[in-house]
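Chains A and B, in that order, are what the protein sequence lines are.
Quick note, in this note's numbering, the first sequence goes up one by one and the last residue is 181.
Quick note, in this note's numbering, the second sequence goes up one by one and the last residue is 290.
Where is the CB? At the ideal position from N, CA and C, for every residue including glycine.
Each remark here refers to the structure printed beneath this line.
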Amino acid sequence: DTEVTQTPKHLVMGMTNKKSLKCEQHMGHRAMYWYKQKAKKPPELMFVYSYEKLSINESVPSRFSPECPNSSLLNLHLHALQPEDSALYLCASSQPTGAYGYTFGSGTRLTVV
Amino acid sequence: AQSVTQLGSHVSVSEGALVLLRCNYSSSVPPYLFWYVQYPNQGLQLLLKYTTGATLVKGINGFEAEFKKSETSFHLTKPSAHMSDAAEYFCAVSSSSGSARQLTFGSGTQLTVLP
C-alpha cells in the first residue's frame with residue numbers, strides 16, 4: 069500500500085461546529101504531517117508528528133488540534149473555525165529522515181461558513 | 176533555514192517543446208530536494224527527488240532534474256511537453272528540525288501547454 073488516505077474529501081462546517089479530519093497510511097512511515105493550502109499558494113506546514121509525538125507546531129491557532137493515535141493514523145480536530153480557515157488540508161507521511169520522499173494524500177477541501 | 180525559490184510563476188510552452196522550470200535553493204547543509212506536481216483539486220504527486228548520489232535524477236512522466244551545487248539549482252526539464260503536463264509544479268527542500276525533517280515549498284510554477 070503506497071497511499072495516504074484522507075477523509076472526508078469535502079467538508080462544509082459552521083463556525084460553531086466541531087469536526088475532525090482523518091489521515092491514514094500503511095507504508096510504515098513514522099513521520100506524519102498536516103499542511104494547509106490556500107488557492108494559488110504553496111502548502112504551508114502546520115504540524116509534524118515523529119514517532120507519534122508532536123515534533124513541530126508552526127504556531128497554529130488552538131482551534132486546530134492534532135492527534136496521532138498510532139503510527140498509521142493522524143487526525144486534525146477542528147473547533148470554532150473562521151471563514152479564513154477555508155482551504156485544502158493535506159496530510160503527508162514519510163520516514164523521519166525524509167530521504168525517501170514524502171507521500172501526500174489527496175486532501176480535504178474545507179469550507180467554513 | 177533552508178528555502179527554495181522558483182523563478183517564474185507562470186510558464187507557457189507549445190506541445191512538443193522543451194519544458195524548463197527553474198528552482199534555486201538556499202541551504203547551509205547538503206539538501207534533500209524534490210519536485211512535486213499538483214493537478215487541480217488534487218494532492219501533490221512526487222515527480223523526482225535528490226538526496227545523495229547521482230546529480231542527474233530521472234523521475235516519472237519523462238521529467239528529470241539536475242542538482243548543481245555550484246549554482247545552487249535544481250531545475251526541472253522535460254524534452255517534449257504534452258498537454259497532460261499542464262499543472263502546478265512545486266520545488267521543495269527538506270530541512271531538519273529536531274527529530275523530524277520538514278518539507279518547505281517554493282511558491283510554485285503554473286505550466287500551461289499550448290496546442
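Judged by beta-carbon spacing, glycine 218 of chain B lies beyond the 8 angstroms limit of glycine 82 of chain A, meaning their Cβ atoms are not closer than that value. No residue range can be given for alanine 256 of chain B, since it is assigned to no beta strand (DSSP E) and is classified by DSSP as neither H nor E. Between the alpha carbons of asparagine 85 of chain A and tyrosine 200 of chain B lies a gap of roughly 41 angstroms. In the DSSP assignment, glutamine 285 of chain B forms a beta bridge with B:His185, B:Glu263.
Inter-residue distance for valine 288 of chain B and glycine 191 of chain B is about 9 angstroms (C-alpha atoms, whole angstroms).
In chain order, Asn199 place their CB closer than 8 angstroms to the CB of glutamate 246 of chain B, counting only its own chain and leaving out the 5 sequence neighbours on each side.
Not a single CB atom of chain A sits nearer than 8 angstroms to the CB of phenylalanine 242 of chain B. Looking only at A:Tyr168, A:Ser154, A:Leu158, the smallest Cα-Cα distance to valine 80 of chain A is reached by A:Ser154.
Annotation: histidine 94 of chain A is outside any beta strand (DSSP E) and is labelled neither H nor E by DSSP. The criterion of a C-beta distance shorter than 8 angstroms is not satisfied by valine 72 of chain A and cysteine 136 of chain A. Against chain B, the CB of proline 110 of chain A has a partner CB under 8 angstroms away; the residue lies at that interface. Going by beta carbons, serine 162 of chain A and alanine 99 of chain A fall inside the 8 angstroms limit. In terms of Cβ geometry, proline 134 of chain A and leucine 122 of chain A form a close pair [threshold 8 angstroms]. Between leucine 196 of chain B and valine 186 of chain B, the C-beta spacing is below 8 angstroms.
The Cβ of lysine 233 of chain B sits no closer than 8 angstroms to any Cβ of chain A. The distance from the Cβ of phenylalanine 265 of chain B to that of tyrosine 211 of chain B is about 5 angstroms, consistent with a contact at the 8 angstroms cut-off. Between the alpha carbons of serine 259 of chain B and serine 184 of chain B lies a gap of roughly 19 angstroms. In the three-state scheme derived from DSSP, where H, G and I count as helix and E and B as strand, glutamate 190 of chain B is classed as coil. For isoleucine 124 of chain A, the beta-bridge partners assigned by DSSP are A:Val116. Cα atoms of proline 164 of chain A and serine 118 of chain A: separation of roughly 6 angstroms, rounded to the nearest angstrom. An exposed status is given to proline 151 of chain A, since fewer than 16 other beta-carbon atoms sit within 10 Å of its beta-carbon.
Contact annotation: in the segment 275-287 of chain B, residues whose CB is within less than 9 angstroms of a CB in chain A are Ala275, Arg276, Gln277, Leu278, Thr279, Phe280, Gly281, Ser282, Gly283, Gln285.
Within chain B, the residues Tyr207, Lys224, Thr226, Thr227, Ser269, Arg276 have their CB atoms less than 9 angstroms from the CB of alanine 167 of chain A, given in chain order.
In the three-state reduction of the DSSP assignment, proline 151 of chain A falls in the helix class, which pools H, G and I.
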